[in-house]
Amino acid sequence: MNEQEHWQGFITAFNEERFVDGVLQLEELWFPDRSDLYRGLIRLSVALNQLRLGIVDSPRQLLASAHEMLAPFETNQYNLDIGRIREYIQACAKLIPADLHTGQGRIDWDLVPRIQI
Numbered sequence: 149m150n151e152q153e154h155w156q157g158f159i160t161a162f163n164e165e166r167f168v169d170g171v172l173q174l175e176e177l178w179f180p181d182r183s184d185l186y187r188g189l190i191r192l193s194v195a196l197n198q199l200r201l202g203i204v205d206s207p208r209q210l211l212a213s214a215h216e217m218l219a220p221f222e223t224n225q226y227n228l229d230i231g232r233i234r235e236y237i238q239a240c241a242k243l244i245p246a247d248l249h250t251g252q253g254r255i256d257w258d259l260v261p262r263i264q265i
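Counted the way the working numbering counts, the sequence shown spans residues 149 to 265.
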């Protein structure tokens with residue numbers, strides 16, 4: 149597969165909430181490049197997948213780092229609206245109470261906002 153096919157594979161998987169599949173596509177782009185754009189999107193995808201599974205500690209950290217990593221990419225080669233994605237990340241992060249830890253409770257997946265990228 150070429151770069152465009154991996155990128156489209158990520159977009160399709162993310163939009164269909166197949167986050168693990170999307171991460172696999174992004175990793176193919178990230179390994180040779182090591183771009184924080186890819187790494188930030190990987191962290192977002194992993195955080196969403198973990199939230200869906202009932203994990204809260206790791207997603208809290210992953211969302212914070214994804215938000216920070218994506219900041220320099222307001223303009224990018226894929227025409228992603230990074231500002232909108234960063235707002236989405238903040239909205240997801242706000243759903244996780246600071247005093248909630250994995251094993252104590254979970255975030256209702258139906259309350260997590262959705263985004264199409």
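Where is the CB? At the ideal position from N, CA and C, for every residue including glycine. As the structure is a computational prediction, the values presented were derived from the model and not from experiment.
Pair within 7 Å by beta-carbon distance, residue i and residue j
i: Asp184; j: Met217; result: yes
i: Leu199; j: Ile255; result: yes
i: Leu177; j: Val194; result: no
i: Ala246; j: Pro261; result: no
i: Phe162; j: Asn197; result: no
Burial state of residue i (16 or more Cβ within 10 Å)
i: Tyr226; result: exposed
i: Met171; result: The amino acid occupying residue 171 in the given sequence is Val; Met does not appear at that position. Result: buried.
i: Asp152; result: It is worth fixing the name first, because residue 152 is Gln in this sequence and not Asp. Exposed.
i: Phe221; result: buried
i: Arg191; result: buried
i: Leu259; result: exposed
i: Val204; result: buried
i: Gly253; result: exposed
Cutoff 8 Å; reference residue i; Cβ partners in own chain excluding five residues on either side
i: Ile282; result: This structure does not reach residue 282, given that the chain is present from 149 up to 265, and the question cannot be answered.
i: Ala212; result: Ala241
Beta bridge counterpart(s) of residue i as assigned by DSSP
i: Thr250; result: Gly253
Cβ neighbours of residue i in the same chain (closer than 7 Å, five flanking residues each side left out)
i: Asn224; result: Leu185, Ile230
i: Ile159; result: Ile265
i: Gly157; result: Gln173
i: His273; result: Residue 273 cannot be examined here, being either before or after the span of the chain that is shown, 149 to 265.
i: Trp155; result: Leu177, Tyr226
Segment limits, alpha helix (DSSP H) that includes residue i
i: Ser213; result: 205-218
i: Arg232; result: 230-242
i: Tyr186; result: 184-201
Contact set for residue i: own chain, Cβ-Cβ below 6 Å, skip 5 residues either direction
i: Arg208; result: Ile244
i: Ala214; result: Gly188, Arg191, Leu192, Ile237
i: Trp257; result: Arg200
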